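**Student:** Residue 389 in our numbering sits at position 96 of the sequence shown, and the numbers go up by one each step.
Think of the CB as a built atom: it goes at the ideal place given N, C-alpha and C, for glycine as much as any other residue.
A quick note: this is a predicted structure, and the numbers were derived from the prediction, not measured.
I have a structure I would like to understand better, so I am pasting it below and will then ask my questions one at a time.
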Amino acid sequence: MEPIEYKKGYKNFLGCKIDLRFRPFIPRKETEFWVKKVIKNNLSRAKSREKFVCLDIFSGSGCIGIAILKHTKNSQMVFVEIDKNLIKQIKLNLKINKVSVNKYKIIQSDIFEKIKGRFDYIFANPPYVPLRNKHIVQQSVLNYEPLNAVFGGEDGLLLIRKFLKDAWKYLKKGGKIYMEFDHLQKRELEKLLEKLNYKNYKICKDQFKKYRWLIAK
Numbered sequence: 294m295e296p297i298e299y300k301k302g303y304k305n306f307l308g309c310k311i312d313l314r315f316r317p318f319i320p321r322k323e324t325e326f327w328v329k330k331v332i333k334n335n336l337s338r339a340k341s342r343e344k345f346v347c348l349d350i351f352s353g354s355g356c357i358g359i360a361i362l363k364h365t366k367n368s369q370m371v372f373v374e375i376d377k378n379l380i381k382q383i384k385l386n387l388k389i390n391k392v393s394v395n396k397y398k399i400i401q402s403d404i405f406e407k408i409k410g411r412f413d414y415i416f417a418n419p420p421y422v423p424l425r426n427k428h429i430v431q432q433s434v435l436n437y438e439p440l441n442a443v444f445g446g447e448d449g450l451l452l453i454r455k456f457l458k459d460a461w462k463y464l465k466k467g468g469k470i471y472m473e474f475d476h477l478q479k480r481e482l483e484k485l486l487e488k489l490n491y492k493n494y495k496i497c498k499d500q501f502k503k504y505r506w507l508i509a510k
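Listed below in structure tokens is the structure:
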């Protein structure tokens with residue numbers, strides 16, 4: 294059965310109307326949970342700074358970056374997405390939510406391939422569902438949502454490995470990475486973080502008490 298969000302044509306995300314006409318991955322409440330925490334606990338404390346520059350990578354609909362721009366005054370956002378149709382989707386959602394054009398930049402890139410500069414915050418919600426778990430994925434997801442935004446290789450860590458391998462190079466001093474992952478990947482993710490020399494990180498739970506997102510410095 295087609296997801297109700299696609300039928301309606303949009304999804305609400307932290308007070309933002311996220312249009313779905315180009316069929317991006319539908320924003321999830323687990324993502325909304327940690328983005329809300331980021332805004333409340335971190336970005337709201339950045340008021341003393343002139344501005345802070347953020348990167349929303351694997352951007353999809355643009356929901357993460359748009360919510361942060363709407364709920365913070367002094368943020369600037371670079372949206373990164375490889376799919377040209379989703380570049381259109383991000384542009385449309387920025388327009389719908391009346392985000393000033395001087396607050397953002399959009400880059401079509403395969404992860405960090407075309408990215409330059411360093412950022413105060415990097416936000417990532419990569420495809421992370423393991424292909425080996427395809428048999429337990431909801432049929433509505435398999436039939437209607439973009440599978441390249443769902444599956445991250447056999448173990449779900451294919452794009453996460455690529456992302457974390459280079460992400461630290463794009464952080465300013467004191468900068469932070471926020472990334473979503475599958476709750477069953479916690480142990481493998483910790484091994485990966487240690488292997489890549491991330492010494493300062495925290496694995497956090499979502500509203501359902503499942504390990505779902507991390508903070509790395």
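1. Are any of the Cβ atoms in chain B nearer than 7 Å to that of K391?
2. For D312 and L385, I'd like the C-alpha separation in whole angstroms.
3. When you compare the region 469-477 with the region 405-421, are there three or more beta-carbon pairs, one atom per stretch, that lie closer than 8 Å?
4. In angstroms, rounded to a whole number, what distance separates the CA positions of K488 and A460?
5. So what does DSSP say about R505, is it helix, strand or coil?
6. What are the boundary residues of the alpha helix (DSSP H) that includes L450?
7. Round the Cβ separation of L379 and G353 to the nearest angstrom and send it over; I've been treating them as touching at under 8 Å.
8. Using a 10 Å radius around the Cβ and a threshold of 16 neighbouring Cβ atoms, would you call K469 buried or exposed?
9. Alpha helix (DSSP H) containing S433: first to last residue?
10. I'd like to know whether the C-beta atoms of P296 and I332 end up nearer to each other than 7 Å.
11. Could you please give me the residues that DSSP links to A417 through a beta bridge?
12. Quick test of the definition: if touching needs 3 or more C-beta pairs under 8 Å, does the region 390-410 touch the region 361-378?
13. Classify L482: buried if its beta carbon has 16 or more other beta carbons within 10 angstroms, exposed otherwise.
14. Rounded to a whole number of angstroms, what is the C-alpha to C-alpha distance between E323 and V373?
15. Please work out which residues of its chain come closer than 6 Å, Cβ to Cβ, to Y491, disregarding the five sequence neighbours upstream and downstream, and give them in chain order.
16. Please name the residue in K503, G355, Y299 and K495 whose C-alpha comes closest to that of Q401.
17. For a quick check, are the C-beta atoms of F412 and V346 less than 7 Å apart?
18. Can you give me the C-alpha to C-alpha distance between E325 and Q478, rounded to a whole angstrom?
19. Kindly indicate which three-state DSSP category E487 falls into: helix, strand or coil?
20. Candidates Y414, L440 and G302: which alpha carbon is nearest N367's?
21. Thinking just about the alpha-carbon of each residue, which of F501, L507 and G467 is nearest to the one in L486?
**Tutor:** Let me lay it out:
1. The structure shown contains no chain B, having only a single protein chain.
2. As a first step, residue 312 must be located in the sequence shown, where it is residue number 19. As a first step, residue 385 must be located in the sequence shown, where it is residue number 92. Between D312 and L385, the C-alpha separation is close to 8 Å.
3. Judged by Cβ distances under 8 Å, the region 469-477 makes contact with the region 405-421, as three or more pairs qualify.
4. Here residue 488 refers to the residue found at position 195 of the sequence shown. Here residue 460 refers to the residue found at position 167 of the sequence shown. Rounded to whole angstroms, K488 to A460 spans 14 Å at the Cα level.
5. Position 212 of the sequence shown holds residue 505. R505 falls in the strand class under three-state DSSP.
6. For the purposes of this step, residue 450 is taken as residue 157 along the sequence shown, with counting starting at 1. Note, L450: premise wrong, no alpha helix (DSSP H); not H, not E.
7. Counting from one through the sequence shown, the residue named residue 379 turns up at place 86. Counting from one through the sequence shown, the residue named residue 353 turns up at place 60. The Cβ separation is near 6 Å, so the contact holds.
8. Locating residue 469 in the sequence shown gives position 176, where the first residue counts as 1. By the beta-carbon neighbour count (other beta carbons within 10 angstroms, threshold 16), K469 is buried.
9. For the purposes of this step, residue 433 is identified with residue 140 of the sequence shown, where counting begins at 1. Per DSSP, the unbroken alpha helix (DSSP H) holding S433 starts and ends at Q432 to Y437.
10. Residue 296 sits at position 3 when you count from the first residue of the sequence shown. Residue 332 sits at position 39 when you count from the first residue of the sequence shown. Result no, Cβ atoms of P296 and I332 do not sit closer than 7 Å.
11. Position 124 of the sequence shown, counted from the first residue, corresponds to residue 417. Paired residue(s): I350 and M472.
12. Touching, yes.
13. Locating residue 482 in the sequence shown gives position 189, counting from the first residue. Residue environment: L482 is assigned as buried (16 or more neighbouring CB atoms within 10 Å of its CB, all protein chains considered).
14. Locating residue 323 in the sequence shown gives position 30, where the first residue counts as 1. Locating residue 373 in the sequence shown gives position 80, where the first residue counts as 1. Using only the alpha carbons, I get a separation of about 21 Å.
15. The residue you call residue 491 lines up with position 198 of the sequence shown. Here the set comprises A509.
16. Sequence index remark: in the sequence shown, residue 401 carries index 108 (1-based). A check of alpha carbon separations from Q401 across K503, G355, Y299 and K495 identifies G355 as the nearest.
17. On the sequence shown, residue 412 is found 119 positions in, with the first residue counted as 1. On the sequence shown, residue 346 is found 53 positions in, with the first residue counted as 1. Yes, they are a contact pair.
18. Position 32 of the sequence shown, counted from the start, is the residue given in the question as residue 325. Position 185 of the sequence shown, counted from the start, is the residue given in the question as residue 478. Their Cα atoms are separated by approximately 20 Å.
19. Here residue 487 is taken as the residue at index 194 of the sequence shown, counted from 1. If DSSP states are grouped into helix, strand and coil, E487 belongs with the helices.
20. As a first step, residue 367 is located in the sequence shown; it is residue number 74 there, counting from the start. Cα-wise, what sits closest to N367 is Y414.
21. Position 193 of the sequence shown, counting from 1, holds the residue named residue 486. Closest option to L486, Cα to Cα, is L507.
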